[in-house]
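Chemist:
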Amino acid sequence: MHTLTAPVSYVSTRGDSPSVTFQEALLTGLAPDGGLYLPDQLPALPSTIWTTPASFPQLAQSVFATWIPDAVAPATLAPLTADAFSFPVPVVPLTGAWTGVLVLELFHGPTLSFKDFGARMMARWMNAFLTTTDERLTILVATSGDTGSAVADGFAGQDRVEVVLLYPDGQVSAVQERQLIVERPGVRSFAVQGTFDDCQRMVKAAFAHPRLADHPLSSANSINIGRLLPQSLYYLWAYHQVDAPAFSVVVPSGNLGNVTGGVLAARAGLPIHRFVAAHNANDFFPQVLEGHDVAFTPSVRTLSNAMDVGAPSNFERLRTLFSPEALRQRFWGTSVDDARTEATMREVFEATGYVACPHTAVGLEAARRYRAATTDDAPLVVLATAHPAKFPESVRRATGQEPAAPDRLSALWSQPTRVAPLAPSPDALADVILAAA
Ligand SMILES: *Cc1c(COP(=O)(O)O)cnc(C)c1O
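Sequential numbering from 407 applies to the sequence shown in the numbering used here.
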């Protein structure tokens with residue numbers, strides 16, 4: 407039973423914008439002052455949450471009905487959550503030397519990464535809101551691999567939205583690229599001659615571009631609160647699988663959107679003891695947690711390329727939610743290089759038979775370091791963020807075996823594609839957006 411609470415308002419991390427409803431925060435993405443939206447307070451989780459949910463969509467319904475009671479009527483919400491979360495979310499307990507580590511597999515959605523959770527739910531919310539108001543908009547998305555395909559796939563067939571997708575040319579795996587450029591209704595893909603950070607800067611600049619002032623735009627990057635709320639759900643789901651009063655969680659991180667979803671769940675009462683931020687060589691956040699005064703840096707390329715982020719945008723949210731001391735108390739961070747990532751893939755495979763993608767392997771290595779460095783003996787849940795079959799070269803090198811590809815991955819190679827090159831400039835992006843209008 408949940409009690410209806412007053413609508414939660416959403417406020418900018420920079421504190422210089424009016425507070426808005428969830429709908430407005432979802433549709434605009436970035437606040438007018440350049441900040442990121444956060445709920446001003448999240449209602450405590452409904453009491454139903456402490457009994458095992460019948461299904462993932464049912465869990466989603468009870469959480470959203472509490473957190474955003476004003477957004478979608480329960481009768482409308484039920485089919486949206488059922489449609490968005492139409493895939494399994496299994497937990498795999500590791501064995502042998504890895505006993506006590508549970509892998510939460512978030513990669514069974516249509517594009518085989520955790521990004522499907524946020525993208526699919528956000529697409530359905532947006533389309534529902536835009537249908538009500540009889541409006542349309544263009545979604546801009548910068549991706550270092552998995553966001554773009556999840557967003558493109560999540561919005562395909564949602565008739566109120568056009569998607570413009572940017573990715574750094576030559577910096578995603580062959581499989582990831584194929585997932586990005588497969589032809590989908592209402593989606594245009596561009597290979598930007600630059601880095602992921604360039605792509606992200608172009609998207610940010612589009613919102614302030616004078617020529618786009620009259621063009622309704624939104625962003626589906628992890629700056630959008632509509633992606634973060636769905637990313638809270640699987641932390642709650644994990645709670646029901648661990649059979650302990652509290653747990654710690656390891657999150658392979660780049661832009662820090664995934665871990666921020668967990669932070670929101672914890673704020674609403676979920677007993678998460680510690681967040682372990684597992685980063686690759688892009689180590690801004692682990693440096694911060696060690697007390698170093700570091701600046702954002704350009705990203706460097708690694709095997710776990712969806713985590714190649716030098717300037718994690720959700721850090722702004724974490725800094726708003728935690729004092730520096732509190733941040734260091736609730737978080738533990740580490741940076742894992744490529745050689746160690748592959749070594750961990752091999753060691754885990756040899757010890758347990760479990761095949762991890764490079765991102766998940768960064769998480770597994772962080773789990774091992776965290777165990778060795780602390781006395782926290784709560785169950786440790788490692789989020790598995792992508793399917794290993796998306797990274798066949800790394801998996802083959804590390805384990806000597808080709809990962810089995812799910813059907814929907816093999817089918818990509820026989821589908822038509824659509825992609826164009828794009829210069830790394832805000833003006834080039836403006837041209838492209840206006841060309842369709
Ligand atoms: C996006 C992504 C990450 C990083 O998530 P953030 O929310 O950016 O921290 C990790 N692993 C995979 C496979 C991803 O696609």
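Yeah, the Cβ is synthetic: ideal placement off N, Cα and C, and Gly gets one too. The structure presented is a predicted model; accordingly, all values stated were derived computationally and were not measured.
For Arg-617, which of helix, strand or coil comes out of DSSP?
Modeler: helix
Chemist: Once you ignore the five residues that flank Gly-421 on each side, which residues in its own chain have a CB closer than 8 Å to its CB?
Modeler: Asp-439, Gly-441
Chemist: Helix, strand or coil for Val-707 per DSSP?
Modeler: Sequence inspection shows Arg at residue 707; the Val mentioned does not correspond to that position. Coil at Arg-707, not helix or strand.
Chemist: Could you please give me the residues that DSSP links to Gly-739 through a beta bridge?
Modeler: Ala-683
Chemist: In angstroms, rounded to a whole number, what distance separates the CA positions of Ser-425 and Ser-418?
Modeler: 7 Å
Chemist: Looking at the unbroken beta strand (DSSP E) that takes in Tyr-760, where does it start and where does it end?
Modeler: Segment: none, Tyr-760 is in no beta strand (DSSP E) and carries neither H nor E.
Chemist: Going along the chain, which residues of its own chain have a beta-carbon closer than 6 Å to the beta-carbon of Arg-584, five neighbours each way excluded?
Modeler: Leu-818
Chemist: Going straight from the alpha carbon of Ser-638 to that of Gly-563, what length do you get?
Modeler: 25 Å
Chemist: Relative to the C-alpha of Ala-684, which residue among Val-414, Leu-789, Gln-807, Gly-551 is closest?
Modeler: Leu-789
Chemist: Does at least one heavy atom of ligand 1 sit under 6 Å from the Cβ of Ala-712?
Modeler: Distances from the CB of Ala-712 to the heavy atoms of ligand 1 include at least one below 6 Å.
Chemist: Exposed or buried, which one is Glu-568 when buried takes at least 16 other CB atoms within 10 Å?
Modeler: buried
Chemist: Report yes if the C-beta of Thr-791 is less than 6 Å from at least one heavy atom of ligand 1; otherwise report no.
Modeler: For ligand 1, a non-hydrogen atom lies closer than 6 Å to the CB of Thr-791.
Chemist: Return the chain-ordered list of same chain residues with a C-beta closer than 6 Å to the C-beta of Pro-494, the five sequence neighbours on each side being excluded.
Modeler: Excluding positions up to five away in sequence, the list reads His-514.
Chemist: Mapping DSSP to helix, strand and coil, what is Thr-472?
Modeler: Three-state DSSP puts Thr-472 in a helix.
Chemist: Here's the rule I'm using: 16 or more other beta-carbon atoms within 10 Å means buried, otherwise exposed. How should Arg-814 be labelled?
Modeler: exposed
Chemist: Could you compute how far the alpha carbon of Lys-460 sits from the alpha carbon of Asn-711?
Modeler: According to the sequence displayed, residue 460 carries Ala and not Lys. If you take the alpha carbons of Ala-460 and Asn-711, they lie about 35 Å apart.
Chemist: Counting along the chain, where does the beta strand (DSSP E) carrying Pro-574 start and finish?
Modeler: 567-574
Chemist: Give a single yes or no on whether Asp-603 has its beta carbon closer than 6 Å to a heavy atom of ligand 1.
Modeler: no
Chemist: Is any heavy atom in ligand 1 found nearer than 6 Å to the beta carbon of Ser-519?
Modeler: yes
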